[in-house]
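Structure first, then comments.
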Amino acid sequence: MRVNYLGPCLVVDHPAVEAMERCRRPSCYLVEVSDEAGVEGPIIEGDVLVVDEAQPVQHADLVVVEVESQLRLYRSHRIGGAFRLVPACGGQGMTAKPAECRGVVVHRARLAA
Numbered sequence: 001m002r003v004n005y006l007g008p009c010l011v012v013d014h015p016a017v018e019a020m021e022r023c024r025r026p027s028c029y030l031v032e033v034s035d036e037a038g039v040e041g042p043i044i045e046g047d048v049l050v051v052d053e054a055q056p057v058q059h060a061d062l063v064v065v066e067v068e069s070q071l072r073l074y075r076s077h078r079i080g081g082a083f084r085l086v087p088a089c090g091g092q093g094m095t096a097k098p099a100e101c102r103g104v105v106v107h108r109a110r111l112a113a
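Under the UniProt record's numbering, think of the first position of the sequence shown as 1, with each following residue one higher.
The structure is reproduced here in structure tokens:
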């Protein structure tokens, strides 16, 4: 699923990072989940994710990857020195090296309507 870049956590004033000191590191930024996600499941349209560029990708992480100039959200599955990335909302996966990942999701915020 596609995510939209909102900006670095250090300068963006957003409820997703208000109470999370860990998210105020220079390596963290915010993305918002696009309408592709729908409104059911663990990650839905409008969720704001805190992504840490400095955190190494591990097995079963939610990972942001740039694909064809778009940021997309995948679940990682470690296979040797590479990862099989499966779209967070299901679908065809792809193989990637850790260097191709733009960061690991460290926090999710869902704002009540």
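Using N, Cα and C, we set each Cβ at its ideal position, and we do this for glycine too.
Open item on the list: Measuring CB atoms only, is the region 27 to 47 touching the region 75 to 84, in the sense that at least three cross pairs come out at less than 8 Å?
Closed with: Output reads no: the region 75 to 84 does not touch the region 27 to 47.
Task: For Ile79, the residue or residues it bridges with in DSSP - done: Secondary-structure assignment with DSSP links Ile79 through a beta bridge to Ala82.
Task: Rounded C-alpha distance that separates Leu85 from Gln70 - done: Rounded to whole angstroms, Leu85 to Gln70 spans 15 Å at the Cα level.
Open item on the list: So the candidates are Met1, Leu49, Val39 and Gly41; which of them puts its Cα closest to the Cα of Cys9?
Closed with: Leu49 is the residue among Met1, Leu49, Val39 and Gly41 whose C-alpha sits nearest the C-alpha of Cys9.
TODO: Starting from Arg2, follow the beta strand (DSSP E) in both directions and report where the run begins and ends.
DONE: Looking at the DSSP string, the run of the beta strand (DSSP E) that includes Arg2 is Arg2 to Pro8.
- [ ] Could I get the ranges of all uninterrupted alpha helix (DSSP H) runs contained in the UniProt domain "Peptidase S24/S26A/S26B/S26C" (25 to 87), with 4 residues as the minimum, in chain order?
- [x] Correct list: empty.
TODO: Tell me, please, which residues DSSP counts as bridged to Ala109.
DONE: Per DSSP, Val48.
- [ ] Compare the beta carbon distance of Ala88 and Ile43 with 8 Å and say whether it is the shorter of the two.
- [x] The answer is yes: Cβ separation under 8 Å.
- [ ] Within the same chain, show all residues whose beta-carbon is closer than 8 Å to that of Val3, passing over the 5 residues directly before and after it, in chain order.
- [x] Excluding residues within five positions, the ones whose Cβ falls inside 8 Å are Val31, Glu32, Val33, Ser34, Leu49, Val64, Leu71, Arg72 and Leu73.
Open item on the list: Suppose contacts are defined by Cβ-Cβ distances below 8 Å. Is Asp47 in contact with Val106 by that definition?
Closed with: A distance of 8 Å or more separates the beta carbons of Asp47 and Val106.
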